[in-house]
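Protein chains: 2
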Amino acid sequence: MARISDIIEEFIKELIRESNNNAIEIQRNEMAKYFDCSPSQINYVLMTRFTLQQGYTTESQRGGGGYIKVTQLLMNQSQYMYHIITKEIGNSLTKSQGARIVQTLKERGVISHRETEIMRAAIDDSAILSPINMKDQIRAGILKNILATLLS
Amino acid sequence: MARISDIIEEFIKELIRESNNNAIEIQRNEMAKYFDCSPSQINYVLMTRFTLQQGYTTESQRGGGGYIKVTQLLMNQSQYMYHIITKEIGNSLTKSQGARIVQTLKERGVISHRETEIMRAAIDDSAILSPINMKDQIRAGILKNILATLLS
DNA sequence: CCCCTTTTGACCTTCTTTGACTTTTATTAT
DNA sequence: ATAATAAAAGTCAAAGAAGGTCAAAAGGGG
Numbered sequence: 001m002a003r004i005s006d007i008i009e010e011f012i013k014e015l016i017r018e019s020n021n022n023a024i025e026i027q028r029n030e031m032a033k034y035f036d037c038s039p040s041q042i043n044y045v046l047m048t049r050f051t052l053q054q055g056y057t058t059e060s061q062r063g064g065g066g067y068i069k070v071t072q073l074l075m076n077q078s079q080y081m082y083h084i085i086t087k088e089i090g091n092s093l094t095k096s097q098g099a100r101i102v103q104t105l106k107e108r109g110v111i112s113h114r115e116t117e118i119m120r121a122a123i124d125d126s127a128i129l130s131p132i133n134m135k136d137q138i139r140a141g142i143l144k145n146i147l148a149t150l151l152s
Numbered sequence: 001m002a003r004i005s006d007i008i009e010e011f012i013k014e015l016i017r018e019s020n021n022n023a024i025e026i027q028r029n030e031m032a033k034y035f036d037c038s039p040s041q042i043n044y045v046l047m048t049r050f051t052l053q054q055g056y057t058t059e060s061q062r063g064g065g066g067y068i069k070v071t072q073l074l075m076n077q078s079q080y081m082y083h084i085i086t087k088e089i090g091n092s093l094t095k096s097q098g099a100r101i102v103q104t105l106k107e108r109g110v111i112s113h114r115e116t117e118i119m120r121a122a123i124d125d126s127a128i129l130s131p132i133n134m135k136d137q138i139r140a141g142i143l144k145n146i147l148a149t150l151l152s
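Order-wise, the sequence lines are chains A and B. Position 25 (the first sequence) corresponds to 25 in the UniProt record's numbering; numbering is contiguous. Position 116 (the second sequence) corresponds to 116 in the UniProt record's numbering; numbering is contiguous.
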């Protein structure tokens, strides 16, 4: 069953793609009505899929004529990777954090489809055969090493 | 007396055969209800009959709209890779064994230069932050998973 | 009988959805 | 101008909807 959050995510990304300034403005309540969900679901989507780490910023205005503006940040690719290696990934990286990073790299055209698959597979929970309490550490090490390789 | 696990196994394999992309998505709880067994029995079947060695990968998503996806590896994509996953790499893979496999794949033109680099980085000793005695096991898991992804 | 495989169930973790309540801003009526 | 009202968006916690894990119990074949 398709998650409504995913549908909304795709919808917003499509709107951004169609825009000519990498940004869109939406009306929260209107959009919620359109997708027949609660308004706060829009916030949930923004919080989980359009964060700074994923290369987006949001700003908003309340009151009559209010809006939410979502902007996709342009960024230098190697700078971005460097940032991820040094700031985003610490000593520990959860499954979903890792997945989001790889997904973002793909969406930004930093890595190809196959490279995405390879990286995903490399940091997948099922790939890392170790006690659960160590998986996140190992995952962090692997992803950092891979990204570092791509930088050189 | 037919074991329920065998029946479920056959059922899933039949679904995959009928699919047009060698993959199916199932709802764990729904399937358990259908076969009138405990949900964790589905996991048991997946763990014992749909492993990489047996030519399958699985992924899953929790929460609302969650699912389990089972994909059968395409043997004809690269006979060589399939062989490596299912036969050559066991539970343990040393540094040099791993390096040799990656090198061979590259020489055969199965993977690109960048893909080679990514794989090397992923199974590099320095990437795998774990007790020494576990590295080879983890390396095996990772490389198998990576190769498998290229066959789906 | 013993060992290996299967089955079951209790408990855990993750992710999504919903709704009540809050805060901010704009508009409108006095 | 000011106060009241309406029109947004924000927050947060609870409920809901999955799947995961692990170990104990139950079966079955040698």
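All C-beta atoms, glycine included, are put in the ideal place defined by N, C-alpha and C. Keep in mind the model is a prediction, meaning the values are calculated, not measured.
Review point. Leaving out five residues before and five after Val102 of chain B in sequence, what residues of the same chain have Cβ atoms less than 7 Å from its Cβ?
Key: Along the second sequence, read from residue 1 onward, the residue named residue 102 of chain B stands at position 102. Closer than 7 Å at Cβ, skipping near neighbours: Thr116, Met119 and Arg120.
Point to revise | Reference Asn91 of chain A; option with closest CA among B:Ile128, B:Val45 and B:Phe11 | key: Taking the first sequence and counting its residues from 1, one reaches residue 91 of chain A at position 91. Ranking B:Ile128, B:Val45 and B:Phe11 by Cα distance to Asn91 of chain A puts B:Ile128 first.
Review point. Can you give the beta carbon distance from Ile42 of chain B to Ile8 of chain B, rounded, assuming they're within the 8 Å contact cut?
Key: Walking along the second sequence from the start, residue 42 of chain B turns up at place 42. Walking along the second sequence from the start, residue 8 of chain B turns up at place 8. Sure, about 7 Å apart at Cβ, within 8 Å.
Check your understanding: Taking the alpha-carbon positions, what's the Ser96 of chain A to Arg3 of chain A distance?
Key -> For this step, residue 96 of chain A is matched to residue 96 along the first sequence. For this step, residue 3 of chain A is matched to residue 3 along the first sequence. Using only the alpha carbons, I get a separation of about 16 Å.
Point to revise | Identity of the residue in A:Tyr67, A:Gly98 and A:Asn76 nearest Ala32 of chain A by Cα | key: Taking the first residue of the first sequence as position 1, residue 32 of chain A is located at position 32. Closest by alpha carbon: A:Tyr67.
Exercise for review: Kindly indicate the opening and closing residues of the alpha helix (DSSP H) around Thr57 of chain A.
Suggested key: Position 57 of the first sequence, counted from the first residue, corresponds to residue 57 of chain A. Note, Thr57 of chain A: premise wrong, no alpha helix (DSSP H); beta strand (DSSP E) at Tyr56 to Gln61.
**Study point:** Residue-chain proximity (Ile132 of chain B, chain A), Cβ-Cβ < 8 Å
**Key:** Walking along the second sequence from the start, residue 132 of chain B turns up at place 132. By this cut-off, Ile132 of chain B is not an interface position.
Review point. Mind pulling the chain B residues with CB within less than 8 Å of Asp124 of chain A?
Key: On the first sequence, residue 124 of chain A is found 124 positions in, with the first residue counted as 1. Per Cβ cutoff of 8 Å: Glu59 and Asn145.
Exercise for review: Kindly indicate if chain A contains any beta-carbon less than 8 Å away from that of Glu115 of chain B.
Suggested key: One-based indexing of the second sequence puts residue 115 of chain B at position 115. Chain A, which has a Cβ nearer than 8 Å to the Cβ of Glu115 of chain B, makes this yes.
Point to revise | Nearest-angstrom beta carbon gap, Asn22 of chain B and Gln72 of chain B [assumed within contact, 8 Å] | key: For this step, residue 72 of chain B is matched to residue 72 along the second sequence. For this step, residue 22 of chain B is matched to residue 22 along the second sequence. Confirmed, Cβ separation roughly 4 Å.
Exercise for review: Taking Met75 of chain B as the reference, give the member of B:Gly64, B:Ile24 and B:Lys87 with the closest Cα.
Suggested key: Reading the second sequence from its first residue, position 75 is the one you call residue 75 of chain B. Out of B:Gly64, B:Ile24 and B:Lys87, B:Lys87 has the C-alpha closest to the C-alpha of Met75 of chain B.
Point to revise | Between the CA atoms of Ser152 of chain A and Cys37 of chain B - distance to the nearest angstrom | key: Taking the second sequence and counting its residues from 1, one reaches residue 37 of chain B at position 37. Taking the first sequence and counting its residues from 1, one reaches residue 152 of chain A at position 152. Taking the straight line joining both Cα atoms gives about 52 Å.
Practice item. Mind listing, in chain order, the continuous alpha helix (DSSP H) runs of no fewer than 4 residues lying wholly within the UniProt domain "CtsR C-terminal dimerization" (79 to 147) of chain B? Key: 79 to 83, 95 to 107 and 113 to 123
**Study point:** Endpoints, the beta strand (DSSP E) within which Gln41 of chain B is located
**Key:** Translated into positions along the second sequence, residue 41 of chain B becomes position 41. Segment Pro39 to Arg49 is the alpha helix (DSSP H) holding Gln41 of chain B; no beta strand (DSSP E) there.
Practice item. Could you check what DSSP says for Gln72 of chain A in three-state terms: helix, strand or coil? Key: If you number the first sequence from 1, residue 72 of chain A lands on position 72. Of the three classes helix, strand and coil, the one that applies to Gln72 of chain A here is strand, per DSSP.
Review point. In whole angstroms, what separates the C-alpha of Leu150 of chain A from that of Arg114 of chain B?
Key: In the first sequence, the residue the question calls residue 150 of chain A occupies position 150. In the second sequence, the residue the question calls residue 114 of chain B occupies position 114. Spanning the two alpha carbons is a distance of roughly 8 Å.
Exercise for review: Could you confirm whether any beta carbon from chain A is found closer than 8 Å to the beta carbon of Leu129 of chain B?
Suggested key: Counting from 1 along the second sequence, the entry for residue 129 of chain B is found at position 129. By this cut-off, Leu129 of chain B is an interface position.
Practice item. Determine the extent of the alpha helix (DSSP H) in which Ala32 of chain B is found, giving its start and end residues. Key: Position 32 of the second sequence, counted from the start, is the residue given in the question as residue 32 of chain B. Arg28 to Tyr34 is the extent of the alpha helix (DSSP H) around Ala32 of chain B.
Review point. Span of the alpha helix (DSSP H) holding Arg17 of chain A?
Key: Locating residue 17 of chain A in the first sequence gives position 17, where the first residue counts as 1. Looking at the DSSP string, the run of the alpha helix (DSSP H) that includes Arg17 of chain A is Ile4 to Glu18.
Point to revise | Rounded straight-line distance, which links the Cα of Glu10 of chain A to that of Gly63 of chain A | key: In the first sequence, residue 63 of chain A corresponds to position 63, counting from 1. In the first sequence, residue 10 of chain A corresponds to position 10, counting from 1. Their backbone Cα atoms lie some 27 Å apart in a straight line.
Practice item. Flag Gln137 of chain A as yes if its beta-carbon sits less than 8 Å from any beta-carbon of chain B, otherwise no. Key: Sequence index remark: in the first sequence, residue 137 of chain A carries index 137 (1-based). Yes - at least one Cβ of chain B is within 8 Å of the one on Gln137 of chain A.
**Study point:** Residue of B:Ser5, B:Ser126 and B:Met81 minimising C-alpha distance to Asn145 of chain B
**Key:** Numbered from its first residue, the second sequence carries residue 145 of chain B at position 145. Comparing Cα positions, the closest option is B:Met81.
Point to revise | For Thr104 of chain B and Ser112 of chain B, the rounded distance between their alpha carbons | key: Walking along the second sequence from the start, residue 112 of chain B turns up at place 112. Walking along the second sequence from the start, residue 104 of chain B turns up at place 104. Answer to the nearest angstrom: the Cα atoms are 12 Å apart.
Check your understanding: Taking C-beta to C-beta, are Val70 of chain A and Tyr56 of chain A nearer than 8 Å?
Key -> Counted from its first residue, the first sequence places residue 70 of chain A at position 70. Counted from its first residue, the first sequence places residue 56 of chain A at position 56. Cβ distance < 8 Å, so Val70 of chain A and Tyr56 of chain A count as in contact.
Check your understanding: Alpha carbon to alpha carbon, how far is Ser40 of chain A from Glu14 of chain B?
Key -> Your numbering for residue 40 of chain A matches position 40 in the first sequence. Your numbering for residue 14 of chain B matches position 14 in the second sequence. Spanning the two alpha carbons is a distance of roughly 42 Å.
Exercise for review: Take Ile26 of chain A and list the residues in its own chain whose beta-carbon comes closer than 6 Å to its own, dropping the five residues that flank it on each side.
Suggested key: In the first sequence, residue 26 of chain A corresponds to position 26, counting from 1. Within the same chain, Ile26 of chain A has close Cβ partners Ile68.
Exercise for review: For Ile118 of chain B, return the contacting residues in chain A, with the cut-off set at a CB-CB distance below 8 Å.
Suggested key: In the second sequence, counting from the first residue as 1, residue 118 of chain B sits at position 118. Result: Glu115, Ile118, Met119, Ala122, Ile146, Thr149 and Leu150.
Review point. Given that Arg100 of chain A touches chain B, what residues does it touch there, using C-beta distances under 9 Å?
Key: Position 100 of the first sequence, counted from the first residue, corresponds to residue 100 of chain A. None at all; the shortest Cβ gap to chain B is about 13 Å.
Check your understanding: What whole-angstrom Cβ distance do Arg139 of chain B and Ile123 of chain B have, given they're in contact under 8 Å?
Key -> Counted from its first residue, the second sequence places residue 139 of chain B at position 139. Counted from its first residue, the second sequence places residue 123 of chain B at position 123. Contact holds; Cβ gap of about 5 Å.
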